[in-house]
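Read the structure below first, then the notes.
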Amino acid sequence: METLAIQGEIEILTVESGDAYAAALRRNSDLSVLPAKYVVYPAVYEDISSIIAFALTQSPPLEIAVKGGGAHSSTWASSNGGIVIDLGKLKKVTLFEDGQYITVQGGALWGDVYEVTAREHVDVVGSPLWFVGVGGFTLGGGYGPLSGQYGLAIDNMISATVVLADGRIVKTNREEEPDLFWAIRGGGGQFGIVVDITFKVHSAVGPIGCGIISYPGSELDQLLKIIGVCDWNRIMTPQERFTMSFSRPAPHFKPSIVILPTILHDQDGSKSREVLRPFREGSANPSFYNIGQVPNMLAVSHSADVALSTAPRSLVIRGTLFSDFFPELLLTVWEKWVEFTEGNEDVRASTVLWDLTHPRSITGVSSADTALPVRSPHYWMAVQGRSTTAISIKTAQEFATSVVSFVRSKNTELSGKDLGWFLNLTQGDESAEDVFGTNLPRLSKLKAKYDPKKVWSKGLVIDPAELT
1 METLAIQGEI
11 EILTVESGDA
21 YAAALRRNSD
31 LSVLPAKYVV
41 YPAVYEDISS
51 IIAFALTQSP
61 PLEIAVKGGG
71 AHSSTWASSN
81 GGIVIDLGKL
91 KKVTLFEDGQ
101 YITVQGGALW
111 GDVYEVTARE
121 HVDVVGSPLW
131 FVGVGGFTLG
141 GGYGPLSGQY
151 GLAIDNMISA
161 TVVLADGRIV
171 KTNREEEPDL
181 FWAIRGGGGQ
191 FGIVVDITFK
201 VHSAVGPIGC
211 GIISYPGSEL
221 DQLLKIIGVC
231 DWNRIMTPQE
241 RFTMSFSRPA
251 PHFKPSIVIL
261 PTILHDQDGS
271 KSREVLRPFR
281 EGSANPSFYN
291 IGQVPNMLAV
301 SHSADVALST
311 APRSLVIRGT
321 LFSDFFPELL
331 LTVWEKWVEF
341 TEGNEDVRAS
351 TVLWDLTHPR
361 SITGVSSADT
371 ALPVRSPHYW
381 MAVQGRSTTA
391 ISIKTAQEFA
401 TSVVSFVRSK
411 NTELSGKDLG
421 WFLNLTQGDE
431 SAEDVFGTNL
441 PRLSKLKAKY
451 DPKKVWSKGL
461 VIDPAELT
């Protein structure tokens, strides 16, 4: 382990550190890995200030990347020749004595949070997957299984602690540094390193109905009639949601539609049976139906573990927002996806995801109240481009880009609203205006206030106002 002129007891890894260095570079997607010059593990918040000072005083200054969970499929949490600040030692989760709030450090994964909430029989708005980092998920908006009832993760933030580009450590909330608090709720990691967040806590939502409903591709027309024409997405309550995927499950690898529901407060399974009746006994005939109950979000967050354990690790994810389950939109994407994955085993594991979460709580917040600009009724979709060979990586990336571009364009045509891009599902080559919309001018001014030299240059970069 190399010794650097950084104040504090900080673990530092370089290529000479061997296996430990290689492990430190690992990310959820192999396409996210870059060879950092240094990977550093701060033990206390003040260590980060020292690391920033060291990086900026090098000649030339070192690029700084910040790793929380490392689940994003971009290279935002990695650096080619720079310094990665890995928050992995800062992952404490503390539930307040009154049970009303919970403080989570920036290196925690949602699995760390759900361990605590499961034990204490409470819940919080978080990711559906345990391995996703709390910080990145939240700062980009944070759509989760509880969002229909309680809004986005950013809507449940009470306060945060942030290390700024100049090394200062500040507390931010609606009263202290309110501009910073506004910016980090939907503006991403462009304003500092968020080392802890305090969230609202909610009563436990378990037992939770979940599982798998699978259909052959020939049933997509009927499914869309159930969702749209039969108004399932209008009569559903905020306690019900699902993710629908276009995928080719083993062992037959035939084009299939898989629905993964999440039904909150499903005490004895009767709620799931009633809510999902149209998908079980309606005009669409499932080839597989297996719905049961799990006790809490910790169990839900591990439900995809088996499937993900065999998924190709070369992964790119792009996504966008859409206004409704327009048959013309989804049927065209289905055709594109089937054609792309047909006869090409290298990219056969690529999927398209469509989320249906009740929008009431999400739309109950003004577009000006946080940096996230889209608060009209909407859902999100994502393309997961997976490849098993190096030669197919570019093909998967191009497919993901073309499909989400089509969805954005077609949705604009059908709805009359251009919803732009959703930060958490971007790759960083999109325009800031398309991501932040009418909130960009304010964000640019705040970038000039908190990071005028663009120390935070990873991710969807916002230019300081004086440079635009």
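Here the working numbering is used: the first residue of the sequence shown is 1, the next is one more, and so on. A virtual CB, placed ideally from N, CA and C, is assigned to each residue, including glycine.
Assignment of beta-bridge partners to GLY209 by DSSP yields ILE263 and GLN293.
Contact check for GLY319 against TRP380 passes: the beta carbons are separated by less than 8 Å. The beta carbons of VAL258 and ILE212 sit closer together than 8 Å. ALA368 is classed as exposed because its beta carbon has fewer than 16 other beta carbons within 10 Å across all chains shown. Taking 8 Å as the cut-off, the beta carbon of ILE208 is found closer than this to the beta carbon of THR262.
The DSSP assignment places complete alpha helix (DSSP H) segments of no fewer than 4 residues inside the segment 1 to 50 at 19 to 25, in order along the chain. Across the structure, LEU129 and PRO464 are spaced so that their CA atoms are roughly 34 Å apart. In this structure, GLU115 sits near LEU298, with a CB-CB distance shorter than 8 Å.
Nearest neighbour of LEU353 by Cα position, chosen from PRO377, GLN384 and SER376, turns out to be GLN384. With fewer than 16 other Cβ atoms inside 10 Å of its own Cβ, VAL338 counts as exposed.
Apart from the 5 residues on each side of it in sequence, LEU224 sits with its Cβ closer than 7 Å to the Cβ of PHE325, PRO327 and LEU330 in its chain, given in chain order. Here ALA22 is exposed, its C-beta having fewer than 16 other C-beta atoms within 10 Å.
Looking at the backbone, the Cα of SER283 and that of GLN222 are separated by about 6 Å. Two segments are said to touch when three or more pairs of C-beta atoms, one from each, lie closer than 8 Å; by this definition the segment 177 to 193 touches the segment 356 to 375. Inter-residue distance for PRO255 and LEU419 is about 29 Å (C-alpha atoms, whole angstroms). Look at SER392 here: in three-state DSSP terms it is helix. Excluding the 5 residues flanking it on each side, VAL365 has same chain C-beta neighbours closer than 7 Å at GLY151, ASP155 and ARG375, in chain order. Going by DSSP, ALA160 is part of the beta strand (DSSP E) stretching over 157 to 163.
Remark: fewer than three beta-carbon pairs, one from each stretch, lie closer than 8 Å, so the segment 54 to 61 and the segment 94 to 105 are not flagged as touching. Here the alpha carbons of SER301 and PRO278 stand approximately 26 Å from one another.
Contact annotation: the segment 200 to 207 touches the segment 117 to 136, with at least three C-beta pairs closer than 8 Å. In the structure shown, the three-state DSSP call for SER367 is coil.
Only residues of its own chain outside the window of five on either side were considered, and among them PRO359 and THR363 have a CB closer than 6 Å to the CB of PRO377, listed in chain order.
GLY70 is positioned such that its CB atom lies no closer than 8 Å to that of GLY135. Beta-carbon to beta-carbon, HIS265 and GLN293 are separated by about 10 Å, too far to satisfy the 8 Å threshold. Between GLN149 and SER444, the C-beta gap is not smaller than 8 Å, which leaves the two residues out of contact.
The three-state reading of DSSP puts ASP179 in helix, counting H, G and I together.
Annotation for GLY141: LEU152, ALA153, ILE154, GLY186, LEU372, PHE422, LEU423 and ASN424 place their beta carbon closer than 8 Å to its own, counting only its chain and skipping 5 residues before and after.
Nearest in C-alpha terms to SER79, of all of SER392, VAL66 and ALA390, is VAL66. In this chain, the alpha helix (DSSP H) harbouring TYR114 covers 110 to 120. Ranked by how close their Cα comes to the Cα of TYR45, the residues THR75, ILE10, THR389 and GLY81 have ILE10 in first place.
DSSP, read as helix, strand or coil, puts ARG386 in strand.
Per DSSP, the unbroken beta strand (DSSP E) holding LEU321 starts and ends at 314 to 322.
Proximity to GLY428 across ALA77, VAL93, SER245 and THR117 peaks at ALA77, based on C-alpha coordinates. Your pair PRO312 and ARG234 does not check out as a contact, with CB atoms roughly 37 Å apart and the cut at 8 Å.
According to DSSP, PHE246 shares a beta bridge with ILE257 and VAL352.
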